[in-house]
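**Student:** Pasting in a structure now, in structure tokens, and then I'll have a few things to ask.
Protein chains in written order, with my numbering: chain A, 9 to 423; chain B, 68 to 414.
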């Protein structure tokens, strides 16, 4: 089954929840009881249209304030695909949620209010989607009904946005512009009758047409070992299987592999998925691998193909997004979780912090607060086996855990 | 010849194509063909199959199970006998094969179970060879820890929380795996895969750990525990399709059967079971019904249905215009009902 996960981002009032509600409504994904609840509540509040934001704004605090404050997941499907929308808030203080939502998504929607145009928030959303290397991005110019469905206004916003695009680091990102009215349903699922000047696809048509190659980057195979399976039963007496997920490429029976960090070589003997054996483990499959030789492998080790080694190092530099209420300071120590591997890390150097308006960098910092994005060098107590984030989304990222609170305090993208 | 031809054809077919075809033509026929082909292939290749066909949701769930086994000392799988927890069991089997599931199952028994569910539970546990722990809500009531609700809408659904928290403390469980899904209810839509509970079992929804990429942070302090939701990203239809594809056995009450029922507030209630309160003026009639969830009998309503096979059930879910929890009276109590129960430690 094909699943496409989409991150949405927008400012407080640009109608993100309404857009999602519209997607659900027009794909007939809202069940009668949910629809009934929406109608009832909208009526109680005295609205003269259906308030779709009630579909997504789940928590009591949000309903009280009328805003979205955390990542919510919304599900719908067409005959063609299953969709998961990670709905993330667009307030200044919630960069961390946007990063979270984008990290597991393959596509993103950036919403712009047609009356306001490109604002600082737009810049932020674009920056984060680019930082996380989301391959497919839709810029939805919303509330077109409030600017008389004006093509001139749409073009103006488009060229403003294109100016931002020149500055981006990840140039291969595919960006598509669509003029929509979420409230009235123009160009979301159904074609707009009010904007015949727009000849492109609707939002849903765009996602329906996306292939796996459009959203996943192909890299080299990496197999971090999660768990060692030793059944110790009569039938599987000497069985030692290495359980994990295959990232970046495929692994096949007979492949010559290196076990990191021991650098021992062996060959793949069997690939199990449940009780069946396969010739090839495809990308993102959770399999169990056995090796030809008796090799010592434990959790946190990694199998890679001979000749395809990642970098093995105790020091590296990464862009990090800080997510904790306690500051990151020069010299602090954290648990660094890289995939399923954990090591201790010390903050060696904070090179610079990105200015909140993305106009440049601030080099005079030695502390980071929540929602800051910065370039930091870490020194580790043990080497890890990594790729750069550019080369490998999974093997180039890590999280930082505060040992006092156990909180996930930050996420890093290795340079 | 023929087999080799089919095999080569199959290997070139993109899975999304299969998915598309499946939905545009008669689903049951296609899955029959699919399983026939699988059988033919496994006969010829009794040893090794070709490239593994990917199911993203299944791979994700297996990954989560393995993280639980690796990161925690005393995990437990919460088993209600419902289709979601039965699906969890199959996924756990897949995660650890050829080893047994490396943790026990825990059933918080409300005493209001459908008898079919209990019989099913005991049979499954025997097949798996894993330990089953049962803790009863009745005991919590007898010990005076909770007070039985009374009246028309009395259920033991909220009382389960106390029994669960006591069991967690008794066995020092540090990870409780459950079958909750984000699509069920909007407060659940914000739940993490690894969701930390403090030593009072409370959920602090405003202070949740960010979950980025695949990385799961299971670090906790002594006394805390983590609720784990491997099928967070599955929808009701995904679960049913999986049960069909995997040929997983489920309790008979999920299929249409004749049952004595009565109507109240637009819901269909079982009139065959004593625990369901029925006023004298509520008329009993016999209808073909099935259940979409198998929670506490006293708060689980049935739906009218003719779907007596898994194919028909999947078809019905696909067409359905009422959400699954629409038949759960406990959620209707207030708009924030689920969120409140979750803060108190409900699953």
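Backbone N, C-alpha and C fix where the C-beta goes; we use that ideal spot for every residue, glycine too.
Please list the residues of the region 317-348 of chain A that have a C-beta atom closer than 8 Å to any C-beta atom in chain B, keeping them in chain order.
**Tutor:** Within the region 317-348 of chain A, the residues whose Cβ lies closer than 8 Å to some Cβ of chain B are 331, 343, 345, 347 and 348, listed in chain order.
**Student:** So what's residue 355 (chain B) in DSSP terms, helix, strand or just coil?
**Tutor:** For the purposes of this step, residue 355 (chain B) is identified with residue 288 of the second chain, where counting begins at 1. Residue 355 (chain B) falls in the strand class under three-state DSSP.
**Student:** Exposed or buried, what is residue 267 (chain B) when buried is set at 16 or more other beta-carbons lying within 10 Å of its beta-carbon?
**Tutor:** As a position in the second chain, residue 267 (chain B) is number 200, starting the count at 1. So residue 267 (chain B) counts as exposed.
**Student:** What does residue 345 (chain A) pair with, by DSSP beta-bridge criteria?
**Tutor:** As a working note, residue 345 (chain A) is residue 337 in the first chain. According to DSSP, which records beta bridges pairwise, residue 345 (chain A) is partnered with A:350 and A:407.
**Student:** Rounded to whole angstroms, what's the CA-CA distance from residue 330 (chain A) to residue 191 (chain B)? Just pull it up for me.
**Tutor:** Within the first chain, residue 330 (chain A) is the residue found at index 322, counting from 1. Within the second chain, residue 191 (chain B) is the residue found at index 124, counting from 1. Approximately 46 Å between the Cα atoms of the pair.
**Student:** So is residue 330 (chain B) in contact with chain A if we call contact Cβ pairs under 8 Å?
**Tutor:** Here residue 330 (chain B) is taken as the residue at index 263 of the second chain, counted from 1. Residue 330 (chain B) does not count as touching chain A.
**Student:** Going by Cα to Cα distance, which pick from B:197, B:224 and B:229 is closest to residue 210 (chain B)?
**Tutor:** Position 143 of the second chain, counting from 1, holds the residue named residue 210 (chain B). Cα-wise, what sits closest to residue 210 (chain B) is B:229.
**Student:** Residues of chain A with a CB under 9 Å from the CB of residue 168 (chain B): which are they?
**Tutor:** On the second chain, residue 168 (chain B) is found 101 positions in, with the first residue counted as 1. Correct list: empty, because the minimum Cβ distance to chain A is about 11 Å.
**Student:** How would you label residue 140 (chain B), buried or exposed, when you count the other beta carbons within 10 angstroms and need 16 or more for buried?
**Tutor:** Locating residue 140 (chain B) in the second chain gives position 73, counting from the first residue. By the 10 Å Cβ count, residue 140 (chain B) comes out exposed.
**Student:** Can you name the start and end residues of the beta strand (DSSP E) that residue 371 (chain B) belongs to?
**Tutor:** Position 304 of the second chain, counted from the start, is the residue given in the question as residue 371 (chain B). From DSSP, the beta strand (DSSP E) with residue 371 (chain B) extends over 369-371.
**Student:** Taking Cβ positions, are residue 308 (chain A) and residue 348 (chain A) nearer each other than 8 Å?
**Tutor:** Numbered from its first residue, the first chain carries residue 308 (chain A) at position 300. Numbered from its first residue, the first chain carries residue 348 (chain A) at position 340. Yes, the Cβ-Cβ distance between residue 308 (chain A) and residue 348 (chain A) is below 8 Å.
**Student:** Since residue 174 (chain B) contacts residue 199 (chain B) with CB under 8 Å, what's their CB separation in whole angstroms?
**Tutor:** The residue you call residue 174 (chain B) lines up with position 107 of the second chain. The residue you call residue 199 (chain B) lines up with position 132 of the second chain. Residue 174 (chain B) to residue 199 (chain B), Cβ: 7 Å. Contact.
**Student:** Checking 8 Å against the spacing of the C-beta atoms, do residue 144 (chain B) and residue 244 (chain B) come in under that value?
**Tutor:** By one-based count along the second chain, residue 144 (chain B) stands at place 77. By one-based count along the second chain, residue 244 (chain B) stands at place 177. Result yes, Cβ atoms of residue 144 (chain B) and residue 244 (chain B) sit closer than 8 Å.
**Student:** Alpha carbon to alpha carbon, how far is residue 121 (chain B) from residue 82 (chain B)? Give it in angstroms, no decimals.
**Tutor:** For the purposes of this step, residue 82 (chain B) is taken as the residue at position 15 of the second chain. For the purposes of this step, residue 121 (chain B) is taken as the residue at position 54 of the second chain. In this predicted model, residue 82 (chain B) has a pLDDT of only 49, less than 50, meaning its place in the structure is not dependable enough to derive any value.
**Student:** What's the C-alpha gap between residue 412 (chain A) and residue 255 (chain B)?
**Tutor:** Numbered from 1 along the first chain, position 404 holds the residue referred to as residue 412 (chain A). Numbered from 1 along the second chain, position 188 holds the residue referred to as residue 255 (chain B). Their Cα atoms are separated by approximately 28 Å.
**Student:** Let me make sure I understand the geometry here. Which of B:331, B:341, B:280 and B:241 has the alpha-carbon closest to that of residue 293 (chain B)?
**Tutor:** In the second chain, residue 293 (chain B) corresponds to position 226, counting from 1. It is B:241.
**Student:** Sorted by chain position, which residues of the same chain lie with C-beta nearer than 7 Å to residue 372 (chain B)'s C-beta, five sequence neighbours on each side aside?
**Tutor:** The count along the second chain starts at 1 and reaches residue 372 (chain B) at position 305. The answer, listed in chain order, is 323, 355, 356, 357 and 383.
**Student:** Short check: CB of residue 96 (chain A) to CB of residue 190 (chain A), under 8 Å?
**Tutor:** Stepping through the first chain from its first residue, residue 96 (chain A) is reached at position 88. Stepping through the first chain from its first residue, residue 190 (chain A) is reached at position 182. Not in contact: residue 96 (chain A) and residue 190 (chain A) (Cβ atoms no closer than 8 Å).
**Student:** On a Cα-Cα basis, can you pick out the residue from A:27, A:393 and A:215 that is closest to residue 344 (chain A)?
**Tutor:** In the first chain, the residue the question calls residue 344 (chain A) occupies position 336. The shortest Cα separation from residue 344 (chain A) among A:27, A:393 and A:215 belongs to A:393.
**Student:** Using the Cα positions of residue 110 (chain B) and residue 117 (chain B), report the straight-line distance between them to the nearest angstrom.
**Tutor:** Here the question's residue 110 (chain B) lines up with position 43 in the second chain. Here the question's residue 117 (chain B) lines up with position 50 in the second chain. The predicted position of residue 110 (chain B) is uncertain, since its pLDDT is 44 and thus under 50; a value taken from the coordinates is nonetheless stated next. Cα to Cα, residue 110 (chain B) sits roughly 13 Å from residue 117 (chain B).
**Student:** Apart from the five residues on each side of it in sequence, which residues of its chain come closer than 8 Å, Cβ to Cβ, to residue 183 (chain B)?
**Tutor:** For the purposes of this step, residue 183 (chain B) is taken as the residue at position 116 of the second chain. The answer, listed in chain order, is 318, 319 and 320.
**Student:** In chain order, what residues of the region 362-395 of chain A put their CB closer than 7 Å to some CB of chain B?
**Tutor:** Hits within the stretch: zero.
**Student:** Could you compute how far the alpha carbon of residue 147 (chain B) sits from the alpha carbon of residue 188 (chain B)?
**Tutor:** Along the second chain, one-based indexing puts residue 147 (chain B) at 80. Along the second chain, one-based indexing puts residue 188 (chain B) at 121. Roughly 8 Å between the two C-alpha positions.
**Student:** What are the boundary residues of the beta strand (DSSP E) that residue 310 (chain A) is part of?
**Tutor:** Your numbering for residue 310 (chain A) matches position 302 in the first chain. Here the beta strand (DSSP E) through residue 310 (chain A) covers 310-313.
**Student:** If contacts are defined as beta-carbon pairs under 8 Å, then residue 119 (chain A) and residue 150 (chain A) qualify, I think. What distance do you get, rounded to the angstrom?
**Tutor:** Residue numbering aside, residue 119 (chain A) sits at position 111 when the first chain is read from its first letter. Residue numbering aside, residue 150 (chain A) sits at position 142 when the first chain is read from its first letter. Indeed they touch by this definition, with Cβ atoms about 5 Å apart.
**Student:** Against chain D, which members of the region 279-294 of chain A pass a CB distance test of less than 8 Å?
**Tutor:** Here the protein chains are A and B, and chain D is not one of them.
**Student:** Listing by chain order, which chain A residues have their CB less than 9 Å from the CB of residue 358 (chain B)?
**Tutor:** Taking the second chain and counting its residues from 1, one reaches residue 358 (chain B) at position 291. What residue 358 (chain B) touches in chain A: nothing, since even the nearest Cβ is about 17 Å away.
**Student:** If we count Cβ pairs, one from each stretch, closer than 8 Å, do we get three or more for the region 123-133 of chain A versus the region 338-352 of chain B?
**Tutor:** These segments do not touch.
**Student:** DSSP puts residue 370 (chain A) in a beta bridge; with which residues?
**Tutor:** In the first chain, counting from the first residue as 1, residue 370 (chain A) sits at position 362. In DSSP, residue 370 (chain A) forms a bridge with A:361.
**Student:** Going by C-alpha to C-alpha distance, which of A:30, A:288, A:60 and A:212 sits closest to residue 88 (chain A)?
**Tutor:** To locate residue 88 (chain A), count along the first chain from 1; it is residue 80. Comparing Cα positions, the closest option is A:212.
**Student:** Between the region 109-123 of chain A and chain B, which residues of the former have a C-beta closer than 8 Å to a C-beta of the latter?
**Tutor:** The region 109-123 of chain A vs chain B, Cβ under 8 Å: 111 and 112.
**Student:** Closest to residue 385 (chain A) by CA distance: which of A:326, A:407, A:395 and A:341 is it?
**Tutor:** As a working note, residue 385 (chain A) is residue 377 in the first chain. The residue with the shortest Cα to Cα distance from residue 385 (chain A) is A:326.
**Student:** Pick out whichever of A:178, A:286 and A:37 has its Cα sitting closest to the Cα of residue 90 (chain A).
**Tutor:** Along the first chain, one-based indexing puts residue 90 (chain A) at 82. For the residues A:178, A:286 and A:37, the minimum Cα distance to residue 90 (chain A) belongs to A:37.
**Student:** Check whether the Cβ atoms of residue 328 (chain A) and residue 382 (chain A) lie closer than 8 Å to each other.
**Tutor:** Here residue 328 (chain A) refers to the residue found at position 320 when the first chain is read from its first residue. Here residue 382 (chain A) refers to the residue found at position 374 when the first chain is read from its first residue. Yes, Cβ-Cβ distance for residue 328 (chain A) and residue 382 (chain A) is below 8 Å.
**Student:** Could you work out which residues of chain A lie near residue 133 (chain B), taking near to mean beta carbons separated by less than 7 Å?
**Tutor:** Locating residue 133 (chain B) in the second chain gives position 66, where the first residue counts as 1. Ordered by position in chain A, the residues that pass the 7 Å Cβ test against residue 133 (chain B) are 234, 235 and 251.
**Student:** State yes or no: is the beta carbon of residue 418 (chain B) nearer than 8 Å to at least one beta carbon in chain A?
**Tutor:** Residue 418 (chain B) is absent from the model: chain B starts at 68 and stops at 414.
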